[in-house]
Amino acid sequence: MKLVWQSKWTLWAGLAVAVIAVVLAPLLLNDFRLALLAKYLCYAMVAVGIGLAWGQGGMLTLGQGLFFGLGGYIMAMHMKLADAKGGVPDFMSLYGTGEVPIWWEPFRSPGVTLVAIVAVPALAALILGWAVFTRGVRGAYFAILSQALVYAFALLLVNQQQTTGGTNGLNGFKGFFGLALSDPANKRMLYFIAAGVLVAMVIATRALMRSRFGELLIAVRDQENRVRFLGYDPAWTKVFAYVIAAVFAGIGGALFVPIVGIISPANVGVTPSILFLAGVVIGGRTTLLGPVLGTIGLRFVETQLSETYPAFWTYFQGALFILVICFLPQGMASIGTWLKWLRRRREVTA
Amino acid sequence: MSAAAVERIAHDYLEVRGLVVDFDGFHAVDGVDLTVTKGDLRFLIGPNGAGKTTIIDAITGLTKATGSAVFGVELLGMATHRIVRAGVGRTFQTASVIEDLTVLQNLDIAAGMRRRRLTLLRARKSTPPEVTAALETIGLAEHADKRAGTLAHGQKQWLEIGMLLVQDARLLLLDEPVAGMSAEERQQTGELLQHIAQTRTIVVVEHDMEFLRSFADSVTVLHQGKVIAEGSVAEVQADPKVIEVYLGPSETFAPAAERPPKERPKVTGPSRPVATAPEKFRPPRKITPPTGGADA
Amino acid sequence: MDAAIAQLIAGVSLGSILLLAALGLSLTFGQMGVINNAHGEFMMAGAYTSYCVAQVIPDPTWALWISLPVGFLVGGLLGLVLEVALIQRMRLRPLDTLLATFGVALVLQQLAKDIFGPQPVYAQAPGWLSGPVEILGQSVPATRVFIFFLAIFAVAALYAVLRLTPLGRQIRAAMQNRDLAEASGISTRGVDHVTFFLGSGIAGLAGVAATLMDAISFNLGTGKIVDAFLVVVAGGVGQLKGAIIAAFGLGLLQAGIEYSTSTSLAKVLVFLAVVVFLQVRPQGLVALRTRSLA
Numbered sequence: 026m027k028l029v030w031q032s033k034w035t036l037w038a039g040l041a042v043a044v045i046a047v048v049l050a051p052l053l054l055n056d057f058r059l060a061l062l063a064k065y066l067c068y069a070m071v072a073v074g075i076g077l078a079w080g081q082g083g084m085l086t087l088g089q090g091l092f093f094g095l096g097g098y099i100m101a102m103h104m105k106l107a108d109a110k111g112g113v114p115d116f117m118s119l120y121g122t123g124e125v126p127i128w129w130e131p132f133r134s135p136g137v138t139l140v141a142i143v144a145v146p147a148l149a150a151l152i153l154g155w156a157v158f159t160r161g162v163r164g165a166y167f168a169i170l171s172q173a174l175v176y177a178f179a180l181l182l183v184n185q186q187q188t189t190g191g192t193n194g195l196n197g198f199k200g201f202f203g204l205a206l207s208d209p210a211n212k213r214m215l216y217f218i219a220a221g222v223l224v225a226m227v228i229a230t231r232a233l234m235r236s237r238f239g240e241l242l243i244a245v246r247d248q249e250n251r252v253r254f255l256g257y258d259p260a261w262t263k264v265f266a267y268v269i270a271a272v273f274a275g276i277g278g279a280l281f282v283p284i285v286g287i288i289s290p291a292n293v294g295v296t297p298s299i300l301f302l303a304g305v306v307i308g309g310r311t312t313l314l315g316p317v318l319g320t321i322g323l324r325f326v327e328t329q330l331s332e333t334y335p336a337f338w339t340y341f342q343g344a345l346f347i348l349v350i351c352f353l354p355q356g357m358a359s360i361g362t363w364l365k366w367l368r369r370r371r372e373v374t375a
Numbered sequence: 003m004s005a006a007a008v009e010r011i012a013h014d015y016l017e018v019r020g021l022v023v024d025f026d027g028f029h030a031v032d033g034v035d036l037t038v039t040k041g042d043l044r045f046l047i048g049p050n051g052a053g054k055t056t057i058i059d060a061i062t063g064l065t066k067a068t069g070s071a072v073f074g075v076e077l078l079g080m081a082t083h084r085i086v087r088a089g090v091g092r093t094f095q096t097a098s099v100i101e102d103l104t105v106l107q108n109l110d111i112a113a114g115m116r117r118r119r120l121t122l123l124r125a126r127k128s129t130p131p132e133v134t135a136a137l138e139t140i141g142l143a144e145h146a147d148k149r150a151g152t153l154a155h156g157q158k159q160w161l162e163i164g165m166l167l168v169q170d171a172r173l174l175l176l177d178e179p180v181a182g183m184s185a186e187e188r189q190q191t192g193e194l195l196q197h198i199a200q201t202r203t204i205v206v207v208e209h210d211m212e213f214l215r216s217f218a219d220s221v222t223v224l225h226q227g228k229v230i231a232e233g234s235v236a237e238v239q240a241d242p243k244v245i246e247v248y249l250g251p252s253e254t255f256a257p258a259a260e261r262p263p264k265e266r267p268k269v270t271g272p273s274r275p276v277a278t279a280p281e282k283f284r285p286p287r288k289i290t291p292p293t294g295g296a297d298a
Numbered sequence: 129m130d131a132a133i134a135q136l137i138a139g140v141s142l143g144s145i146l147l148l149a150a151l152g153l154s155l156t157f158g159q160m161g162v163i164n165n166a167h168g169e170f171m172m173a174g175a176y177t178s179y180c181v182a183q184v185i186p187d188p189t190w191a192l193w194i195s196l197p198v199g200f201l202v203g204g205l206l207g208l209v210l211e212v213a214l215i216q217r218m219r220l221r222p223l224d225t226l227l228a229t230f231g232v233a234l235v236l237q238q239l240a241k242d243i244f245g246p247q248p249v250y251a252q253a254p255g256w257l258s259g260p261v262e263i264l265g266q267s268v269p270a271t272r273v274f275i276f277f278l279a280i281f282a283v284a285a286l287y288a289v290l291r292l293t294p295l296g297r298q299i300r301a302a303m304q305n306r307d308l309a310e311a312s313g314i315s316t317r318g319v320d321h322v323t324f325f326l327g328s329g330i331a332g333l334a335g336v337a338a339t340l341m342d343a344i345s346f347n348l349g350t351g352k353i354v355d356a357f358l359v360v361v362a363g364g365v366g367q368l369k370g371a372i373i374a375a376f377g378l379g380l381l382q383a384g385i386e387y388s389t390s391t392s393l394a395k396v397l398v399f400l401a402v403v404v405f406l407q408v409r410p411q412g413l414v415a416l417r418t419r420s421l422a
């Protein structure tokens with residue numbers, strides 16, 4: 026199979042298209058559509074990480090919602106506290122004791138918040154990765170554990186209504202680091218931030234895949250035990266990729282909050298976590314740009330369909346999972362291989 | 003004596019004492035003593051189930067064992083990757099190279115275990131000298147950029163040996179390195195092994211008697227997990243115990259071709275007690291659309 | 129003392145619910161290495177079966193007794209269709225089946241929503257199951273006692289099938305060595321069909337049982353599947369014994385923690401306990417030990 030990141034041409038072409046698209050989008054789209062696109066970009070960040078962990082590293086992570094949620098809730102807590110101007114966020118006086126819990130306090134500081142958005146998901150992934158990968162837990166076991174973790178996380182959020190907003194989540198933000206969210210110019214800036222971060226992530230992932238680490242990660246994916254006999258502990262290779270994926274998801278979640286204006290358990294639970302994979306599945310899990318394009322494309326279709334035909338959208342999504350996984354395991358990247366195979370077969374029969 | 007000299011001597015021999023591998027009460031290896039020194043191309047032979055591969059598995063940490071196996075340091079109880087870092091390398095019956103990577107990438111990864119962690123994050127700019135040297139030694143220089151999965155069987159075996167060379171293994175444990183090779187390839191492999199044995203300690207598990215007679219310096223014969231004879235090829239051949247249990251009462255060494263083919267799972271299978279979905283699959287259907295590999 | 133007994137009973141009750149949900153999964157996961165994400169939706173199908181039967185048969189007692197076998201059949205047939213149509217094509221990619229069956233789960237949920245509406249419905253429990261039962265001085269809902277016995281029955285029946293029938297011998301043979309079983313004339317494909325039918329049937333049965341406690345809704349399976357997965361992982365793949373011990377173990381643990389904290393916190397802690405446990409025994413409670421080594 027041809028590995029997309031190995032071709033310089035594809036990268037530069039892709040980057041050029043991306044830059045043009047990023048610059049053109051605000052000119053072509055109205056503010057509402059632009060905010061939607063910015064939201065898709067946040068999902069795409071999660072997808073880039075999944076591509077690395079699953080496509081390259083073979084770790085089927087069904088729990089990226091955890092890291093997305095950690096990043097998102099940290100950002101949301103900060104924004105809530107900032108909105109309250111040193112006081113108590115509105116929903117707390119509504120449902121709770123009217124006191125700010127102690128673990129909210131650090132996020133009053135913008136600096137701590139920004140560090141925590143990266144550090145907390147990274148630490149969570151480090152601990153979980155260390156716990157499971159060093160003991161050789163992998164494959165389906167890992168998938169199930171990651172899913173159970175995100176399930177527990179969502180449950181915890183729902184049940185702590187006084188401090189997390191419960192099912193409603195955290196919403197109704199007014200400002201973002203001192204900028205009014207009602208101002209369309211600031212919304213446009215958020216879009217540019219998201220686009221820039223996503224491009225940076227793609228470039229970083231590409232560098233990683235071209236490095237010796239990238240080769241090692243593929244080796245670990247295909248022949249984990251063999252790699253031990255080359256003198257490496259495969260667990261740490263996996264942990265590293267997993268942590269990167271978690272950080273990407275965390276940043277995606279953090280940007281999601283000011284762009285969409287809400288974070289709730291519905292964004293981070295079991296089902297949304299698997300749906301993070303949908304774009305990766307369709308775009309091609311082992312490609313660099315596939316997850317990004319697949320995610321943006323799919324979410325676009327979702328917006329179009331789910332507003333008018335919500336039931337049809339669910340059927341469509343289900344069918345997509347079934348058919349693509351079964352017949353096009355490499356997503357859109359499979360199509361080229363399929364065509365080649367069909368052509369060869371026709372030549373043989375002719 | 004200088005520390006370096008001690009270090010060198012310590013790595014001149016493998017010493018196995020009282021090695022026992024217990025599979026739920028069945029002793030696959032039952033008190034094996036084995037000493038192999040540098041410069042001695044040692045062959046391990048024995049009928050199926052004699053425990054040859056299990057000994058290698060035990061030494062490399064793939065199977066739990068009791069007793070002792072010293073190569074500079076005590077190897078039993080160490081994690082596999084640490085054993086490898088202590089200078090022990092092995093190959094497998096089923097050549098297991100990383101098929102999705104090129105020959106060069108395979109060798110480069112093998113050379114990489116002593117690199118500092120952070121340098122892993124950089125791309126390879128040029129071919130490291132030890133990789134170039136190994137490519138020459140194993141005769142795959144012209145295939146350097148080929149995907150390892152597309153190599154012929156014999157070439158994969160050579161690539162594995164090459165990977166051991168670049169990882170600078172000082173003890174090489176080779177499991178049937180010439181299985182499935184042509185006569186010419188066997189000859190080349192044998193010469194390669196003799197060459198390597200001058201500077202490294204080598205243990206070869208092999209069924210091919212012709213190959214053994216041509217290249218072995220010494221032979222250890224195993225039967226039901228125990229060593230029953232040890233010595234030069236001629237000595238072992240004349241040993242009545244060996245003739246009785248291994249060759250049958252009135253036969254000489256049986257040619258390799260008459261031996262039943264032996265199957266053993268690949269290293270990728272559930273080889274250690276790890277938590278992973280059981281891999282019980284049916285062979286692929288006859289016409290399968292290409293899926294592009296990487297189905298993790 | 130009373131508190132301890134109350135926790136014990138709550139734990140055993142929770143354990144039997146977990147066991148019913150996980151039993152079929154343990155069979156299909158262990159036997160075929162396939163993770164069926166739609167297992168929870170098969171439970172949902174069983175639950176709606178119970179609802180439909182109750183519409184036809186007004187007497188709740190009769191409805192329950194008829195629902196149980198019919199629910200089993202509905203779950204089993206759904207599983208059979210899934211196996212034939214999808215899973216057997218993906219034999220070489222067990223991890224991918226997890227995602228493909230997620231697609232199936234999405235479709236089944238939406239189907240249920242379209243047919244029965246998004247609002248939960250109820251199946252009336254028979255009168256003799258409505259009151260509490262006195263056990264060791266504790267009053268326990270009769271439905272929970274019923275579920276406990278149903279779980280025991282399901283285990284016993286499955287055990288009997290696996291141990292005593294020629295079919296069970298074939299299933300176990302295919303599980304231990306697929307190639308050898310095939311070579312000895314066992315149709316492993318056929319065995320897969322039957323295994324999946326049985327496993328999914330038990331999911332349907334569990335769904336019928338679930339109607340005695342919960343409302344029936346399209347997302348009935350979503351919550352249950354995660355718990356069931358955890359039981360299977362903790363118990364060790366393909367081990368009926370492991371699944372039984374793990375189900376009751378996790379049930380007791382959950383009940384114990386719940387007593388002093390909250391349900392959600394208990395779930396989180398139980399999850400962490402499973403991760404820590406896998407640190408000690410990565411192969412689960414009851415590991416298959418084989419001589420087949422690399």
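Note that the protein sequences, when read in sequence, are chains W, D and B.
Using the numbering used here, you'd call the opening residue of the first sequence number 26 and step up by one each time.
Using the numbering used here, you'd call the opening residue of the second sequence number 3 and step up by one each time.
Using the numbering used here, you'd call the opening residue of the third sequence number 129 and step up by one each time.
For glycine and all other residues, C-beta sits at the position ideal for the given N, C-alpha and C.
As the structure is a computational prediction, the values presented were derived from the model and not from experiment.
Quick one: residues in its chain with C-beta nearer than 6 Å to the C-beta of residue i, no 5 flanking neighbours on either side, listed in chain order?
{"i": "residue 247/D", "result": "225"}
{"i": "residue 153/B", "result": "167, 356 and 360"}
Return the bridge partner residues of residue i from the DSSP annotation.
{"i": "residue 232/D", "result": "222/D"}
{"i": "residue 17/D", "result": "37/D and 72/D"}
{"i": "residue 143/D", "result": "Paired residue(s): none; residue 143/D is not in a bridge."}
{"i": "residue 92/D", "result": "175/D"}
{"i": "residue 266/B", "result": "263/B"}
{"i": "residue 201/W", "result": "204/W"}
{"i": "residue 25/D", "result": "28/D"}
{"i": "residue 206/D", "result": "45/D and 176/D"}
With residue i and residue j assumed to form a contact (beta carbons below 8 Å), what rounded beta-carbon distance in angstroms separates them?
{"i": "residue 425/B", "j": "residue 278/B", "result": "Since the first residue of chain B shown is 129 and the last is 422, residue 425/B is not available in this structure."}
{"i": "residue 147/B", "j": "residue 371/B", "result": "7 Å"}
{"i": "residue 268/B", "j": "residue 137/B", "result": "6 Å"}
{"i": "residue 82/W", "j": "residue 266/W", "result": "4 Å"}
{"i": "residue 461/B", "j": "residue 140/B", "result": "Coverage of chain B is limited to positions 129 through 422, which leaves residue 461/B absent and any answer about it impossible."}
{"i": "residue 227/D", "j": "residue 83/D", "result": "Contact doesn't hold; Cβ gap of about 27 Å is too wide."}
{"i": "residue 79/D", "j": "residue 20/D", "result": "Actually they are not in contact, since the Cβ atoms of residue 79/D and residue 20/D sit about 14 Å apart, beyond 8 Å."}
{"i": "residue 16/D", "j": "residue 222/D", "result": "Not confirmed; about 12 Å, so no contact."}
Residues in the same chain with beta-carbon distance under 7 Å from residue i, minus the five sequence neighbours each way, listed in chain order, please.
{"i": "residue 146/W", "result": "92, 95, 96, 271, 272, 274 and 275"}
{"i": "residue 338/W", "result": "327, 330 and 331"}
For residue i, which residues of its own chain have a beta-carbon under 8 Å away from its beta-carbon, when the five flanking residues on both sides are left out?
{"i": "residue 2/D", "result": "Since the first residue of chain D shown is 3 and the last is 298, residue 2/D is not available in this structure."}
{"i": "residue 202/W", "result": "107 and 135"}
{"i": "residue 305/W", "result": "72, 75, 76, 79, 80, 315, 316, 319, 320 and 356"}
{"i": "residue 291/W", "result": "192, 194 and 297"}
{"i": "residue 185/W", "result": "191"}
Contact residues within the stretch 249-273 of chain W, judged by C-beta distance below 7 Å to chain D: 250, 251, 253, 254, 255, 256, 257 and 258
For the stretch 218-238 of chain B, list every residue whose C-beta sits within 9 Å of some C-beta in chain W, in sequence order. 218, 221, 222, 223, 224, 225, 226, 227, 228, 229, 230, 231, 232, 233, 234, 235, 236, 237 and 238
Within 8 Å of chain W by C-beta, residues of the stretch 156-181 of chain D in sequence order: 165 and 169
Would you list, in chain order, the members of the stretch 341-361 of chain B that have their beta-carbon closer than 7 Å to a beta-carbon of chain W? 350, 354, 357, 358 and 361
At a Cβ cut of 9 Å, what residues of the stretch 140-164 of chain W count as close to chain B, listed as they run along the chain? Taken in chain order, the members of the stretch 140-164 of chain W whose beta-carbon sits within less than 9 Å of a beta-carbon on chain B are 153, 156, 157, 159, 160, 161, 162 and 164.
Beta strand (DSSP E) runs contained entirely in the stretch 33-113 of chain W, provided each spans 3 or more residues: Taking only runs of at least 3 residues, no beta strand (DSSP E) segment lies wholly in the stretch 33-113 of chain W.
Along the stretch 96-107 of chain D, where does the CB come closer than 7 Å to a CB of chain W? Name the residues. 98, 100, 101, 102, 103 and 107
Residues within the stretch 274-294 of chain W neighbouring chain D, beta-carbon criterion of under 9 Å: none
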